[in-house]
Amino acid sequence: MKILIKLLALSGLLFCLGCSEEFLDKKPDKALVVPTTLDDLQALLDAVPDGMNTAPGIQVIAADDFYYSAANLDALSEIERNSYLWEENIYQGLSVSDWNEPWRCIFYSNIVLETLAKIVPDAGSLQQWNTLRSSALFFRAMALYNLTQVFAAPYEKSLAGSLPGIPVRLTSEVNEIVGRGTLQQTYDQVINDLIEAEPSLPGLVTYTNRPSQAAVRALLARIYLSMEEYEKAAQMASGCLDLHNTLLDYNTLNPQATRPFPVMFSGLNPEIILHLSLVGRSFFNSTLTGVDSSLYRSFHTDDLRKTCFFRDRGNEVMGFKGSYLGSATLFGGLATDEIYLIHAECNARMGNYGVAVSDLNTLLASRFKTGTFKPLVVNDGQVLETVLLERRKQLVARGLRWSDIRRLNRDVRFAVDLERNVDGKVIRPANDNRFVFPIPDTEINFSGILQNPR
Amino acid sequence: MRTFILILICVCWFFRPASAQNRTIQGKVVSLSEKAPLVGASVVISHESKGTVTDSAGLFSITIPSGKPTVLVASFIGYSKKQMSVPADFLAAVTFELEADPNHLQEVVILSDGFQQMTRERSTGSFVQIDNKLLNRTVSPDIISRLADVTPGLIFNRAGVTKPGAQSAISIRGINTLFAREDPLVVLDNFPFYGDLASINPNDVESVTILKDAAAASIWGARSGNGVIVITSKQGRLNQKLNISFNSNITTGQRPDLFYLPKMSTSDYIDMEVSLFEKGYYQSQENHDNKIALTPVVELLIAKRDGKLTDSQVLAQIDGYRQKDVRYDMNEYLYRKNLNQQYSLSLNGGTFSHRYFVSAGLDKGLANQVGNSRDRFTLNVNHTYSAFRQKLLLTSGVYYTGTREARNSIEQTDLFTYTGKPLYPYASLVDANGNGLAIPHMYRDNFIDQAGQKGLLDWRYVPLDEIGLSDNKASSMILRLNNSLKYTFNHNLTGEVLYQYGSTKTDRSTRQGKDSWYVRDLVNRFTILNTNGSLTRPVPVGDVLSLSDQSVSSHNLRAKVSYDKDWGRESSLTALVGAEVSQLRTSSHSSRFYGYDDELGTSVVVDHLANFKSFVNPASTNNRIPYSGSITELTDRFVSYFANVAYTHHGKYTASVSARRDQSNLFGVKTNQKGVPLYSAGLSWKVHHEDFYSLPWLPYLNLRGTFGYNGNIDKSISAYTTARYFASNLSGTGLPYASVINPPNPQLRWERTRMINAGLDFKAFTNRLSGSIEFYTKKGLDLISNSTFAPQTGITSFRGNTANTQGKGIDLVLHGVNLNGDFQWGTDYFLSWASDKVTKYLVKPTDVAGEYLIGGGIIPTEGKPLYSVFSYDWAGLDAATGNPQGYLNGEISQNYTEIRSQTSLDQLVYNGTLRPKVFGSVRNTFSYKGISLSVNLSYRIGYVFRRPSVTYNSILNGEGGHGDFIKRWQNPGDEKSTHVPSLPASPNYLRDQFYASSKVLVEKGDHLRFQDVHLSYDLSAAVIRRLPFQSVQFYAYAANLGIVWKKASGDIDPDFTTEPFTPKTFSLGVKANF
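So the protein lines, in turn, are chains A and B. If you're matching positions, the first sequence starts at 0 in numbering that gives the first Met the number 0 and goes up one per residue. If you're matching positions, the second sequence starts at 0 in numbering that gives the first Met the number 0 and goes up one per residue.
What follows is the structure, encoded as structure tokens:
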């Protein structure tokens, strides 16, 4: 019997070994982490391949930067063709990255914010803690804003309180569904988060996938512009340029190259404030996709953009090759060229014509062949028009044109008449509703949030 | 150090001499009726486990204690036991005469579930044992393939997706899971074995037991859901003289039949190239930025167009090509007959207190592909030492396996003209003198010539010259140390502690020689041509060496206490309780060196971060020198508790209960603690022991039933938000990053399978017919699968315990003794029927055709088997155009776009399942004197397969295609005799897809296969007596002998649709015992 007791003691020992929490707390895979440290959170925010720095690109197809050879429309994917023709039902039940990717960014941001709330920083880590919190707020705001530009109605102060917005998700809990709220609530969240984020961010950053104060100001400038809050936009643009105003001299580029602009993250394009790529579509790189011919013709022969941006794809198709990412992927991030143009437009609208023209001249001086640029002299009455034309020329294929059309259409002077010629028929977006993309079917089916009228 | 001590202990035990005051008794065991010697009868000392067996003449010798009377018991299958008391000073010979007893014809089968051993009589669960004889019927270098087609309920999946990381392609009783591992747990000598199954030497295996139902397997808990295969190694026997066994065989297999998969003829291929050339198809390729290679015919046509060659020159050359088929060259130079040699030598024996088994094995294998080989060396030493009047048993074993593998073959993909473009059929690998010829590969000849003039390395690709330029090898070392300590406290109570340490180390090295095309290409692509004409080479000219190593170490510690009580009158109780702790750690590293010099072991540092312009395509500027460097470390830990009780009453009724609880680090502790234990219960009833039973023709009738739960694990998910780190070279930014792979899931738990098993065992007609039939039903519960989430949550799908499945089946086993006498004929038959269906799955398809017909993955569908095959309804070919026709909303249609987007799941035709519902085999064994012939036919019924056919997309891209091309519709009227559509004017992907996914290409897979035949000859006792052997057997074996009958038309083997069928193999061997 004694021996039995000894044996029981032995097995008891074994049981205790097993009970030890540490034994079963071992990570099954070293590369796996349950994110708990500040470095883990930074790594999550650095997840460029996971959509942290990705914006919708589908709106490029629906805008007027590019035209597609009408005879070959069948070669486009269903989503591309439907977007191009502003069809009522675009997605045919398929999953849409343009919608999904920003939400992944918001999910990551919320995980970071929630985890930060559980970490009490000490003196040594306080600064990193604050930067991470601000970065997460920035990413969440940016993704939310990018969604509004495609999937919600354009901002109009009088209507924003009654139009549906984009769900404001402040939690990573996947079982919780958030309704759309109002457009005003969405914009308020975006702007408040950005304002809250700014102070703790570095002024400038080495890794352009990470946000900075310059990026906050640039993004706010872009947002206020879309809200037609020109004064605030001008203020933000000028604040951004105070921190970062360098331009890329296009004379340093090789216009013959297939990709004239420096490769992303090489640090060789001084204009880039924040890296964002647009969700890719084969439409963008097809040999049958050409830039709007009148837009192409509007470039002066000495304007280096004409050769750095475009290449002849045969059949009178001028394809786009000028992505600031130096690759086939389109750039949709923040860069100083856009900020100069926002500054110029807002000042033109506020009557500061001299400032506006001077902005344009600063920008254009770096776009023309050395020695050929003659500074613009423009009548006051023409300044705004000139700025808008330069905006269109400089920001081709940045994903911004769609927002611009939605904004400009409210002003008869600058309204854009979109049209497609298919089989001899002229197709136009039937009404304002076609300027808002429907929410993807996968979202409606599983969350039941309100669909946009179409 | 620890390892060393263990080895030392083992060695010490091994050489420990036995000592006792003993005498030796000689004797003989014969049959009462004929006085014929009984070979292999056992003679034991009553109430002790010591004993011996009779030799080929029925003789035995046994050592018994001197000075006191001893009772010996002799027994033999099919005979009644007999006892004899040997007086204290008796030293003469004894003879046992045993009486035949038809009720005891069946040998007492000892089953092992990896925890305990039990007799079949006392088990309630579903076990199959493959004994040593049956295992040795098959000749193969590995053990696991020897289970094929002899094991009821177990199938080797040939079609249907086998999951990556699976140890084997085996399913036991159908599917039990959707996305977790579906291969059974393998237990080797009491502990789970996760290594390479090919490392186990089959000559060292005593028996294999398959645990199929809950009662049998639930003792393995969370890992038993797919069934368990228990492999038991050979051990020595107490009181046995040294026995030396030798086994050697040689196996050769035919070359794979390269012509089995029909291909478009060379002439048709060339015609297509000519016609595409005329349409200007190759223009874009001719001026491609990547300078892509063109086939010789296209190059000739370009030369003709450019006036460099005359029409007649070109025509003559092309006509020469038409006669060629590169498969002849490939067959000759890239393939060979395979050759496997196997040698095995073992020694075993034992004394009163010590038994041992030592074996060494060598396998050398040359594969069908020239350049590939695999060698294995195994060494096993195990022994058991008993002390304190056999109360203490110490067992230890050292098992070593070393393998060496070379993989230097030239694969089909190596010969591609450029990425994605298969080799053209008129290629020649050798010239008239047998010297290797260059083929266009990746780049055009004119580009290669220009590059050569600029001083770049020779860029030509000569496939045969590549053999031997590189060295791709892997070697592994597997070591297992087993130790157990067992103490019998009294008659009833036993305690045992077992410990196993396992270590596997695999080193893989791929050295691409500096003259290999791989290195020349890499160097050239990165070469910078300076303005002064000089060259800069960021990738140095030298070997490229890639190294990776993986080491796996495991510790298993188990303690158990068992209680056995025998009340006589065949009433007994067996109980077992214990706990187990285990850890399995895998770590691996990889690295790569450039400019490696194999003589000196030196390498050159290269810049992995710089962007280089491609020499081939200057527009491609962001090329980086490939980097490889990784470290992974995985740790699995388990803590388990288990208990098992079985009670038999009067030999008639047996009840058993077992339970187990597992905890692991895979899910996180909290989840484990909430987990429910897995358990099972079973009953059996020996009906023939009842007083009321009176069926003389059916002397044995046993009914049994079990119920219980098994578990399964999916290692990929966790209860916590988990992220995976990725290295900085993958992010684009140069920063490492983390990716969320798992949102939090506090509800996560084990997958469970609930199984009910009912069985009946019988022996009838004086044991001429025996067998069993089992029915089972099972439910897969809480299976881990996907569910769709609204994208606004940041995830689109989520893995959790959301799916259920259902299954049922029958296993029927029959053994018939058809003829008994000098000429014996026995038949073993089994039939297994297994069906499954998914009963709950939350993801609904969004793109029906895309997912069910084209995707090819596993798409669970509620109400259907997991491996379902769907197809489009087929309305024949259009009589005017030869276009394939389907149905759109009930109307015949050729609108493939609409058919693809409009057809819903219920409009698709459901054809059946990819995996056979019914399978089995019939094995007939004939023997006469020493000659034995065994023939096995296997069959698979109730499944379908998709027959490959033409896809014009590849044909119209000049890539050739399926041999059905010749059967295509060409003229009106052809639609009556063919279903192969006409050649369209331009590629139409959807039309191809429609045809490929239509029901006309789905065929029934049912077939009967001549699996193998085994012939053996044992030298007769008369001959043996004059030789220094106990027994000698010569044997011959042939496998994969072809299909006897099949339902599908044509030459296709239903189980081999995309690759050549397994070639026939022939073996010869000899086995001897000294």
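Glycine included, C-beta positions come from ideal geometry on N, C-alpha and C. Note that the structure is predicted; figures quoted are calculated from it, not measured.
- With respect to B/Leu700, B/Lys685 sits close: the two C-beta atoms are nearer than 9 Å.
- For B/Ile853, there are no neighbours in chain A by C-beta distance under 8 Å, as the nearest C-beta there is about 14 Å away.
- A/Pro101 and A/His274 have their C-alpha atoms some 14 Å from each other.
- Cβ neighbours of B/Val28 within its own chain (closer than 6 Å, five residues either side excluded): Leu37, Ala40, Thr53, Gly57, Ala73, Phe95.
- By the CB criterion at 9 Å, A/Asp45 and A/Asn284 fall outside the cutoff.
- The beta carbon of B/Ala874 does not come within 9 Å of any beta carbon belonging to chain A, so the residue lies off that interface.
- Counting C-beta pairs closer than 8 Å gives three or more between the region 327–338 of chain A and the region 390–398 of chain A, which meets the contact rule.
- If only complete runs of 4 or more residues are kept, the region 351–433 of chain A shows the alpha helix (DSSP H) at 352–364, 379–393, 400–407, in order along the chain.
- Under a criterion of Cβ atoms nearer than 7 Å, no residue of chain B is adjacent to A/Trp128; the nearest Cβ is some 17 Å distant.
- As computed with DSSP, B/His814 is found in a beta bridge with B/Ser769, B/Asp827.
- As the crow flies, the alpha-carbon of B/Gly799 is around 20 Å from that of A/Asn444.
- Rounded to the nearest angstrom, the gap between the Cα atoms of A/Ser322 and B/Ala618 is 14 Å.
- Among the residues facing chain B, A/Met263 is included, as its CB has a counterpart in that chain under 9 Å away.
- Against chain A, the beta carbon of B/Leu665 has neighbours under 7 Å at Pro27, listed in chain order.
- With a cut-off of 8 Å on Cβ pairs, the region 872–888 of chain B is in contact with the region 979–994 of chain B, counting three or more such pairs.
- Interface flag for B/Ala722 against chain A is set, since a Cβ pair is found closer than 9 Å.
- Under the DSSP assignment, A/Ala61 falls outside any beta strand (DSSP E), being part of the alpha helix (DSSP H) whose first and last residues are 57–61.
- DSSP lists B/Val227 as the bridge partner or partners of B/Leu184.
- In terms of Cβ geometry, B/Val138 and B/Ser167 do not form a close pair [threshold 9 Å].
- By the beta-carbon neighbour count (other beta carbons within 10 angstroms, threshold 16), B/Asn817 is exposed.
- Straight-line measurement puts the Cα of A/Met317 at about 11 Å from the Cα of A/Arg296.
- Secondary structure at B/Lys975: helix, using DSSP grouped into helix, strand and coil.
- In the DSSP secondary-structure assignment, B/Val580 is bridged to B/Leu556, B/Val638.
- Looking at the DSSP output, B/Tyr866 sits in no beta bridge, so it has no partner there.
- Runs of alpha helix (DSSP H) with 4 or more residues, each lying fully within the region 204–284 of chain A, are found at 212–225, 229–242, 281–284, listed in chain order.
- Rounded to whole angstroms, the separation of the alpha carbons of B/Gly806 and B/Ala757 is 14 Å.
- With its beta carbon at least 9 Å from every one in chain A, B/Tyr399 lies outside the interface.
- For B/Val644, none of the residues of chain A pass the 7 Å Cβ criterion, the least Cβ distance being about 17 Å.
- Burial of B/Asn135 is indicated by the presence of at least 16 other C-beta atoms within 10 angstroms of its C-beta.
- About 7 Å separates the beta carbons of B/Leu677 and B/Ala221, which is inside the 8 Å limit, making them a contact pair.
- Residue nearest to B/Val603 within the set B/Asn621, B/His382, B/Arg623, B/Val538 is B/Val538 (criterion: CA-CA distance).
- At a cut-off of 9 Å between beta carbons, A/Gly202 makes no contact with chain B.
- Out of B/Ile794, B/Ala789, B/Ala578, B/Thr801, the CA that lies nearest to the CA of B/Gly779 is found in B/Thr801.
- Contact annotation: the region 949–967 of chain B touches the region 264–283 of chain B, with at least three C-beta pairs closer than 8 Å.
- Contact annotation for B/Phe95 against chain A: no contact, minimum CB-CB distance about 39 Å [criterion: below 7 Å].
- Put simply, the backbone Cα of B/Pro191 is about 11 Å away from that of B/His554.
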